[in-house]
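A.B. asks: Residue numbers (UniProt numbering): 1 to 555.
We treat Cβ as the ideally placed atom computed from N, Cα and C, and that holds for glycine.
Predicted model, so just to flag it, every value in this text is computed and none were measured.
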């Protein structure tokens, strides 16, 4: 066979087992030893192996047939060679064997290719099986979590049912309690109405009592005056005097006169004197922490002589602001007892009490058409009817009111939020608003009603145009310090000067147009912080008051 040029394939190579041709057993999950015995485990694994190897059975069968045929041909060839010895084999047989061998190799190659593809398919199936197994494990974990979540939700549902039942029972109990409280509230409201009516009756009795006391004091005063007149008539004196004295006793020219000295110093209210108001050119009133409004007369014949002529009672707490109506001859006082009160200055009678306010009343002023405007710390401004004390309208600026000032049907308000607001009594919202440098403690409108002056807690004063709300001038000094949140300032009648008191007891006076500091009044004056100032309508005479019941008249 060697001379025919044929290459024999060693039997060892054909008989050598191929490791890659045998399928690898797939991993099998360990069974539960408690549910299967060892024999059933072996049978089950053999059954699984047969199922996995069945698809490769035909491949191995054909391969084994080819190998058997090849070995059979090989044995026949060896036998024929031995039988004939050195006889020559015909070329046709050799060629036939060569062709047969080629066919065998081709079949073997095809079978090898089939084996590789089968192995590849087997690997893919293994990977797919592993993936499915992993997904199964994940799904089982997810299932366990869902079962756990379901159990939690069932617990929550059960608890919610219990809570709903408890809430329903509580609702029924609260409904019954509410009905009982509503009945109680209705009863208390009825009691409140009766108490309010009783309070009104007591206030009327109190007013009658004060009026009776005023009448009694007036009768005593009239009796004293009558006796003085009788005594004077009994004297042999000339009762006539010159109507217009000349020389040093002649009246001085009217106008704004800059005060230079303290003409009179006296103690007025007990405690702080918080407000001053001129009731003409010779009368003035003081209000303070002793809850009283005291009326004094300045004797024009005797320089610096002050006479107390009346005491207006009725306030239950500190008087915060005074205002004067020359037409009605009435004085208005605001108080920390959440009210404002109106007295007749001639009779001393308490005329009206304005009580529809929720907190301390910082200021109250007269408005036109028999109206009163009052500002409170409850962040409201109210209009009242001066004839009966009823509330006409309420305004809500949103900040505590420290002072108000009125002209015509308009009024301005100063607030804790550093803003000044201009109001029209016919509109609910402010017409104009301007923000200043500090809390606005005081407001005073000029007689021409074109501008106003205000004092602030930043230790300055300012003059503001009413029409444009533009600051015209600023006033200040290194030594000036605003004394309190309700420290008052004042314009002179002809608007030539502006005055304010300082925490050191001095009264500062500035020139309005030039902002020049004209003078500081301190000699023989106050020893405590000055709270209020008031300029005589004639232009001659400036009143000031402090925290220790002292009032000074500067001339």
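Between residue 294 and residue 352, what straight-line distance do the alpha-carbon atoms span, to the nearest angstrom?
C.D. replies: Locating residue 294 in the chain shown gives position 294, counting from the first residue. Locating residue 352 in the chain shown gives position 352, counting from the first residue. For residue 294 and residue 352, the distance between alpha carbons rounds to 18 Å.
A.B. asks: Extract the residue ranges of the beta strand (DSSP E) inside the stretch 311-369, only unbroken runs of 3 or more that lie entirely within it.
C.D. replies: 319-325, 330-335, 340-344, 350-354 and 361-367
A.B. asks: Please classify residue 243: does DSSP put it in a helix, a strand, or coil?
C.D. replies: If you number the chain shown from 1, residue 243 lands on position 243. Confidence at residue 243 is low in this model, with a pLDDT of 37, below 50, so its placement is unreliable and no value can be given for it.
A.B. asks: Nearest to residue 559 by CA position, among 384, 538, 122 and 507, is which residue?
C.D. replies: Residue numbering for the chain in the displayed model covers 1 to 555; residue 559 lies beyond these limits and cannot be assessed.
A.B. asks: May I ask you to report which of helix, strand or coil DSSP gives residue 427?
C.D. replies: Within the chain shown, the letter at position 427 stands for residue 427. DSSP places residue 427 in coil when its eight states are reduced to three.
A.B. asks: Where do the N-terminal and C-terminal ends of the beta strand (DSSP E) with residue 44 fall, by residue?
C.D. replies: Walking along the chain shown from the start, residue 44 turns up at place 44. First-last for residue 44: 38-53, but that is the alpha helix (DSSP H), not the beta strand (DSSP E).
A.B. asks: Applying the 10 Å Cβ sphere with the 16-neighbour rule, what's the burial state of residue 410?
C.D. replies: Taking the chain shown and counting its residues from 1, one reaches residue 410 at position 410. The residue in question, residue 410, is buried, as its Cβ has 16 or more Cβ neighbours within 10 Å.
A.B. asks: Helix or strand or just coil, what does DSSP make of residue 59?
C.D. replies: Here residue 59 refers to the residue found at position 59 of the chain shown. Three-state DSSP puts residue 59 in a helix.
A.B. asks: Exposed or buried, residue 35, counting other C-beta atoms within 10 Å across all chains shown (16 or more means buried)?
C.D. replies: Here residue 35 refers to the residue found at position 35 of the chain shown. In this prediction, residue 35 scores a pLDDT of 48, lower than 50, which makes its location untrustworthy; the coordinate-derived value is nonetheless stated afterwards. Result: exposed.
A.B. asks: From residue 21 to residue 110, what does the alpha carbon distance come to, in whole angstroms?
C.D. replies: The residue labelled residue 21 in the question sits at position 21 within the chain shown. The residue labelled residue 110 in the question sits at position 110 within the chain shown. Annotation note: pLDDT 42 at residue 21 (below 50); position unreliable, no value reported.
A.B. asks: Going by C-alpha distance, which of 453, 458 and 385 is nearest residue 470?
C.D. replies: Along the chain shown, one-based indexing puts residue 470 at 470. Nearest in C-alpha terms to residue 470, of all of 453, 458 and 385, is 453.
A.B. asks: Whole-angstrom Cβ separation of residue 372 and residue 340, contact assumed at under 8 Å?
C.D. replies: The count along the chain shown starts at 1 and reaches residue 372 at position 372. The count along the chain shown starts at 1 and reaches residue 340 at position 340. Their Cβ separation, rounded to whole angstroms, is 7 Å, which keeps residue 372 and residue 340 in contact under 8 Å.
A.B. asks: Alpha carbon to alpha carbon, how far is residue 188 from residue 319? Give it in angstroms, no decimals.
C.D. replies: Within the chain shown, the letter at position 319 stands for residue 319. Within the chain shown, the letter at position 188 stands for residue 188. Straight-line Cα distance between these residues: approximately 33 Å.
A.B. asks: With DSSP run on the structure shown, which of helix, strand or coil describes residue 474?
C.D. replies: Indexing the chain shown from 1 puts residue 474 at position 474. In the structure shown, residue 474 sits in a strand (DSSP, three-state: E or B).
A.B. asks: Suppose you measure from the CA of residue 428 to the CA of residue 484; what does that come to, to the nearest Å?
C.D. replies: To locate residue 428, count along the chain shown from 1; it is residue 428. To locate residue 484, count along the chain shown from 1; it is residue 484. Answer to the nearest angstrom: the Cα atoms are 30 Å apart.
A.B. asks: Tell me residue 267's beta-bridge partners as DSSP assigns them.
C.D. replies: On the chain shown, residue 267 is found 267 positions in, with the first residue counted as 1. 550, per the DSSP bridge assignment.
A.B. asks: In chain order, what residues of the same chain have a beta carbon less than 7 Å from the beta carbon of residue 59, not counting five sequence neighbours either side?
C.D. replies: Working through the chain shown from its first residue, we reach residue 59 at position 59. Closer than 7 Å at Cβ, skipping near neighbours: 111, 114, 115 and 118.
A.B. asks: On the CB-based measure, 16 or more other CB atoms within 10 Å of its CB, does residue 296 come out buried or exposed?
C.D. replies: For the purposes of this step, residue 296 is identified with residue 296 of the chain shown, where counting begins at 1. Burial call: buried.
A.B. asks: Counting only the same chain and skipping the five closest in sequence on each side, list residues whose C-beta sits under 7 Å from that of residue 546.
C.D. replies: Along the chain shown, one-based indexing puts residue 546 at 546. Result list for residue 546: 273, 505, 526, 528, 529, 530 and 531, in chain order.
A.B. asks: Can you check which of these residues, 357, 361, 418 and 414, is closest to residue 393 by C-alpha distance?
C.D. replies: As a position in the chain shown, residue 393 is number 393, starting the count at 1. With distances taken between Cα atoms, residue 393 lies closest to 357.
A.B. asks: Could you tell me the boundaries of the beta strand (DSSP E) in which residue 393 lies?
C.D. replies: Residue mapping note: residue 393 aligns to position 393 of the chain shown, counting from 1. Segment 391-395, the beta strand (DSSP E) holding residue 393.
A.B. asks: Using a Cβ distance threshold of 8 Å, determine whether the stretch 379-389 contacts the stretch 434-448, with at least three qualifying pairs required.
C.D. replies: no
A.B. asks: Residue 160 bridges to which residues according to DSSP?
C.D. replies: Here the question's residue 160 lines up with position 160 in the chain shown. BP columns for residue 160 are empty, so no partner.
A.B. asks: So, helix, strand or coil for residue 296, using DSSP?
C.D. replies: To locate residue 296, count along the chain shown from 1; it is residue 296. Note: residue 296 maps to strand in three-state DSSP.
A.B. asks: Since I believe residue 290 is in contact with residue 269 (beta carbons under 8 Å), could you give me their beta-carbon distance rounded to a whole number of angstroms?
C.D. replies: By one-based count along the chain shown, residue 269 stands at place 269. By one-based count along the chain shown, residue 290 stands at place 290. Under the criterion of beta carbons closer than 8 Å, residue 269 and residue 290 qualify as touching, at roughly 5 Å.
A.B. asks: Mind checking whether residue 312 and residue 322 have CB atoms under 8 Å apart?
C.D. replies: Locating residue 312 in the chain shown gives position 312, counting from the first residue. Locating residue 322 in the chain shown gives position 322, counting from the first residue. Against a cut-off of 8 Å, the Cβ pair of residue 322 and residue 312 comes out as no contact.
A.B. asks: Taking the straight line between their C-alpha atoms, what separation do you get for residue 543 and residue 424?
C.D. replies: Here residue 543 refers to the residue found at position 543 when the chain shown is read from its first residue. Here residue 424 refers to the residue found at position 424 when the chain shown is read from its first residue. Going from the Cα of residue 543 to the Cα of residue 424 covers about 32 Å.
A.B. asks: Does the Cβ-Cβ distance between residue 521 and residue 444 come in under 8 Å?
C.D. replies: As a position in the chain shown, residue 521 is number 521, starting the count at 1. As a position in the chain shown, residue 444 is number 444, starting the count at 1. No, the Cβ-Cβ distance between residue 521 and residue 444 is not below 8 Å.
A.B. asks: Counting only runs of 3+ residues fully inside the stretch 512-537, write out the beta strand (DSSP E) ranges in chain order.
C.D. replies: 517-521 and 530-535
A.B. asks: Hey, out of 388, 419 and 386, whose CA is closest to residue 401's CA?
C.D. replies: Counting from one through the chain shown, the residue named residue 401 turns up at place 401. Ranked by how close their Cα comes to the Cα of residue 401, the residues 388, 419 and 386 have 419 in first place.
A.B. asks: Would you kindly report the start and end of the unbroken beta strand (DSSP E) that includes residue 381?
C.D. replies: Here residue 381 refers to the residue found at position 381 when the chain shown is read from its first residue. Bounds of the beta strand (DSSP E) holding residue 381 are 381-385.
A.B. asks: Here's the rule: buried if 16 or more other CB atoms are within 10 angstroms of the residue's CB, otherwise exposed. What is residue 251?
C.D. replies: By 1-based counting over the chain shown, the position of residue 251 is 251. Model confidence at residue 251 stands at a pLDDT of 41, short of 50, so the residue's coordinates are unreliable; what they give is reported in the following sentence. With fewer than 16 Cβ atoms within 10 Å of its Cβ, residue 251 is classed as exposed.
A.B. asks: Looking only at its own chain, which residues have a Cβ that is under 8 Å from the Cβ of residue 449, when we skip the five neighbours before and after it?
C.D. replies: Taking the chain shown and counting its residues from 1, the one referred to as residue 449 is at position 449. So the qualifying residues of the chain are 407, 408 and 466.
A.B. asks: Measuring only the C-alpha atoms, how far is residue 131 from residue 43?
C.D. replies: Mapped onto the chain shown, residue 131 falls at position 131. Mapped onto the chain shown, residue 43 falls at position 43. Cα to Cα, the separation comes out at about 26 Å.
A.B. asks: Would you verify that the beta carbon of residue 435 is, or is not, closer than 8 Å to some beta carbon of chain B?
C.D. replies: Judged by its chain identifiers, the structure shown contains no chain B, having just a single protein chain.
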